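Peer 1: First, the structure itself, so that you have it in front of you.
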Amino acid sequence: IAIGSPMGSDYSGSITRGIISGKDRMIETDSIIAKVIQTDAAINPGNSGGPLVNLAGEVIGITSMKLATEEIEGMGFAIPINDVKNYVTYLEKGEEIKRPSIGISVIEASNKYSLYRYNINLDSNIKSGVVIVKLESGCSAEKAGLKKGDIITKFDDNKVTSISTLRYYLYQYKTGDTIKVTYIRDGKESTLDMKLIEKN
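Numbered according to our numbering, the sequence shown spans residues 903 to 1102.
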């Protein structure tokens, strides 16, 4: 059941119901990937931020988006409540939510035009990953030993195939955590440990 105020306060307290089609869908939009619950309960502007509850009245998610085209109906999404709980205590205390930063600018290995602009030549068998084009002085990546031109392909056991997947997996960690980074340099795959430090 989704509860909200679709189309404004005139319809506050509106309730729609549906079924859960998936608990761990990965949705990509505007260079961001989110893990979401998919439901066919009607979601409209004004539902975002409202609760998605089960029949026991337990909040299982926070409605956040839907796919909206002429060809699609009944594909709404909610942030799983366990993900929300990770940040609620910060918000209740009025604290800023801090995400880790590794201090790099990257382009996708599949983006031939941008690679050409940065004068970066990749082996033709490299089809995915992100290429480092700039590092901030003293950042996590620089301290760990990464360099311009390195191609990041994994964080721990998670494949980094695009900028959005890099951001998604990075945000699963906290400042102070150490992660294993798999990268390619001069055609050779290597790994190193990188400690996530505060952004300058």
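Backbone N, C-alpha and C define an ideal beta-carbon position, used for all residues, glycine too. Computed from a prediction, not measured in an experiment: that's the story for all the values here.
1) Within 10 angstroms of the Cβ of N1021, are there 16 or more other Cβ atoms? Answer buried if so, exposed if not.
2) Can you tell me whether A970 is helix, strand or coil according to DSSP?
3) Any idea what DSSP makes of T1098, helix, strand or coil?
4) For S1012, does the three-state DSSP call read helix, strand or coil?
5) Could you give the C-beta distance for I939 and L957, rounded to a whole number, given that I count them as a contact under 8 angstroms?
6) At the level of alpha carbons, what is the spacing between V986 and T1055?
7) Could you give the first and the last residue of the continuous alpha helix (DSSP H) run that contains I1065?
8) Go ahead and pull the three-state DSSP assignment for L1037.
9) On a CA-only basis, which of G948, N988, I1006 and I1004 is nearest E998? Give me that one, please.
10) Straight-line CA distance for G915 to I903?
11) Could you name the residues that DSSP lists as bridge partners for A904?
12) In whole angstroms, what is the alpha-carbon distance linking I846 and I1006?
13) Alpha carbons only, please: which of T971, D1095, Y992 and G1051 is nearest the one belonging to K1036?
14) Counting C-beta neighbours from all protein chains within 10 Å, is the total for P1002 16 or more, i.e. buried, or is it exposed?
15) In this structure, does DSSP put Y1085 in helix, strand or coil?
Peer 2: Judging by the given coordinates:
1) If you draw a 10 Å sphere on the C-beta of N1021, you find fewer than 16 other C-beta atoms in it, and that means exposed.
2) DSSP places A970 outside both helix and strand once states are collapsed to three, so it counts as coil.
3) The amino acid at residue 1098 is misidentified as Thr; the sequence shows Leu. L1098 falls in the coil class under three-state DSSP.
4) coil
5) Rounded to whole angstroms, the Cβ separation of I939 and L957 is 15 angstroms, and the two are not in contact under 8 angstroms.
6) The alpha-carbon of V986 is positioned some 28 angstroms away from that of T1055.
7) I1065 to L1072
8) strand
9) N988
10) Taking the CA atoms as reference points, G915 sits about 12 angstroms from I903.
11) T918 and L954
12) The question about residue 846 has no answer, for the chain in this structure spans 903 to 1102.
13) Between K1036 and the set T971, D1095, Y992 and G1051, the nearest pair of CA atoms involves G1051.
14) By the 10 Å Cβ count, P1002 comes out buried.
15) strand
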